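Student:
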Amino acid sequence: MDRALSWEETEEKIANCRRCPLCESRTNTVPGVGNRNSIIMFVGEGPGYNEDMQGEPFVGAAGKLLDKMLLSIGIVRKNVYITNVVKCRPPQNRDPLFEEQAACLPYLRTQFKLMRPKIIVCLGRIAAKALIREDFAITRQRGIWYDKKGTLFIATYHPSALLRDESKKKQAWEDLKIIREKLKEFDFYE
Ligand code: SF4
């Protein structure tokens, strides 16, 4: 994909995209939202029902929990960039297929190039497998920094997983504290 695309051009391409079958059932594309100049980006797996209806990521119950998670480490949602691996909703909220992820990932890569975040937080195993390593095991490998060509990646549980299983919240809190410490090193809070 063209390196020189602007944010607006990228979002327009996404809005008109028919590169995978998810275009057939979407209401809106969900390119991402937030501060494009932030040093930190959060990446989930794909839009759900509410996100598809509103065209914005993490606006349903999982989104409310994400907002709380961010606030718990002093982050206001509008100060970070939030997006997903796939920009259209998979039917019945199923996992995005490998082919759908492969078709959509060039948009995320363009967003990386435009934003150049220092930290990328993968929310859940789908994003971690797509962005950190194919065989990523979220239970064992979350909360660990992975340096990929100077960009730091880390994974934690997807807020939806925390809503399904509250016992994971303690581990997610540990991950959030690790992220907070790294953000301090980058003077994020000043
Ligand atoms: S999920 Fe991505 S690749 Fe598939 S149609 Fe939507 S924008 Fe295009």
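Quick note: to get my numbering, add 665 to the position in the sequence shown (first position is 1).
Glycine included, each C-beta is placed from N, C-alpha and C at the ideal position.
All figures in this text were calculated on a predicted structure; none of them were measured in a lab.
For a quick check, are the C-beta atoms of residue 711 and residue 750 less than 9 angstroms apart?
Tutor: yes
Student: From the DSSP output, read off the bridge partner residues of residue 820.
Tutor: 787
Student: Among 834, 782, 763 and 766, which residue has its Cα nearest to the Cα of residue 851?
Tutor: Nearest of 834, 782, 763 and 766 to residue 851, Cα basis: 782.
Student: How about residue 787: is its Cβ closer than 8 angstroms to a heavy atom in the ligand SF4?
Tutor: no
Student: Report the partner residues of residue 812 according to the DSSP bridge assignment.
Tutor: DSSP, once it has assigned bridges, lists 817 as partnering residue 812.
Student: For residue 819, which residues in the same chain have their Cβ closer than 6 angstroms to its Cβ, ignoring the five residues on either side in sequence?
Tutor: 786 and 810
Student: Rounded to whole angstroms, what's the CA-CA distance from residue 706 to residue 846? Just pull it up for me.
Tutor: 16 angstroms
Student: Cα-Cα, which of 739, 689, 744 and 727 is closest to residue 700?
Tutor: Looking at the Cα atoms, 744 is the closest of the given residues.
Student: Quick check: what's the CA-CA separation for residue 856 versus residue 708?
Tutor: Only positions 666 to 855 of the chain appear in this structure, which leaves residue 856 out of reach.
Student: Based on the DSSP secondary-structure assignment, which residues constitute the bridge partners of residue 705?
Tutor: 784
Student: Does the distance from the C-beta atom of residue 784 to that of residue 679 stay below 9 angstroms?
Tutor: no
Student: Is residue 756 near the ligand SAM, going by C-beta to nearest heavy atom under 8 angstroms?
Tutor: For the structure depicted, the ligand SAM is absent and the ligand set comprises only the ligand SF4.
Student: List, from N- to C-terminal side, the alpha helix (DSSP H) runs of 4 residues or more that fit wholly inside the stretch 711 to 766.
Tutor: 714 to 719 and 726 to 737
Student: Determine the direct distance from the alpha carbon of residue 670 to that of residue 677, and round the result to whole angstroms.
Tutor: 10 angstroms
Student: Hey, residue 695 and residue 752 are a contact pair by Cβ (cut 8 angstroms); roughly how many whole angstroms apart?
Tutor: About 5 angstroms; that satisfies the 8 angstroms criterion.
Student: Quick check: does the Cβ of residue 761 come within less than 8 angstroms of any heavy atom belonging to the ligand SF4?
Tutor: It does: the Cβ of residue 761 is within 8 angstroms (strictly closer) of some heavy atom of the ligand SF4.
Student: Can you give the Cα-Cα distance for residue 722 and residue 835, rounded to whole angstroms?
Tutor: Approximately 24 angstroms, taken between the alpha carbons.
Student: In whole angstroms, what separates the C-alpha of residue 805 from that of residue 788?
Tutor: 14 angstroms
Student: As a quick exercise: from 756, 673 and 713, pick the residue whose alpha carbon is nearest that of residue 824.
Tutor: 713
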